[in-house]
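Each residue of the sequence shown is one higher than the one before, starting from 8 at the first, in the numbering used here.
Beta carbons are placed, not taken as given, at the ideal position from N, Cα and C, and that holds for glycine.
Owing to the predicted nature of the structure, the values given are computational and were not obtained by experimental measurement.
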Amino acid sequence: MQPGFADKVLSAQATFRTVMEAMARPGQVMQVEDGVGRPPSMMAGVAAIALTLFDQETPIWLDAPLSGAPDIGAWLKFHTGAPIVADPALASFALVAAPEQLPDLRSFALGSADYPDRSTTLVLQVASLSVGPMCQLRGPGIDGTVSLCASIAPADLFARLSINEALFPRGIDVILVDGRSLVAIPRTTRLAAAGG
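Next up, the structure:
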């Protein structure tokens, strides 16, 4: 069994601050602490998020590559106690190692009028958060627009996330992860322009 955080309390606190800062500053690349143990097919940033935000009352959905890796489920169960669910509509978080195969976003929990926060947060492992096509993002937490240069899959992610406009205040939040780097795309963030 791979270890988790070397210092559970301090590392979880630091990761929580990083994730909250990323949500408050959409499109900005943040770094989680180094030194988190994890299964080989899970990026360090995803492992840090799991160790910080998951517990026995946090249902998790895994995509096919992660659910097919026996060490992932055992590692999550051992370190977080989070139940793994087969139905994405029941998940608080969805961990996705192959985002190019991401299911329709309407298959995930979208929240309700009374509890808009009861939606699924997608955590996508992506190829790069520093190299690739550039896009301009706008929305709360962004002064004007912010540029994000990244290799994101699926290529039409922002088009898919446009469902958030009609659903607001319900909707899907996304965290993109590349190694230890992460970028948050909250449900209020919109694509202002895309470049090549």
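Rounded C-alpha distance that separates V153 from F175: 22 Å
Residue of D163, G44, Q132 minimising C-alpha distance to L58: Answer by Cα proximity: G44.
Among A104, P123, A89, the one whose alpha carbon lies nearest that of D70: A104
What whole-angstrom Cβ distance do S188 and G11 have, given they're in contact under 8 Å? Actually they are not in contact, since the Cβ atoms of S188 and G11 sit about 20 Å apart, beyond 8 Å.
Using the Cβ count rule (16 or more neighbours within 10 Å means buried), how would you classify G42? exposed
Going along the chain, which residues of its own chain have a beta-carbon closer than 7 Å to the beta-carbon of N171, five neighbours each way excluded? G178, I179, R194
My understanding is that A96 touches A116, with C-beta atoms under 8 Å, so please give their C-beta distance in whole angstroms. 5 Å
Buried versus exposed, by CB contacts within 10 Å (16 or more), Q132: Around the Cβ of Q132, a 10 Å sphere holds 16 or more other Cβ atoms; the residue is buried.
Run through DSSP, which three-state label would D121 get? coil
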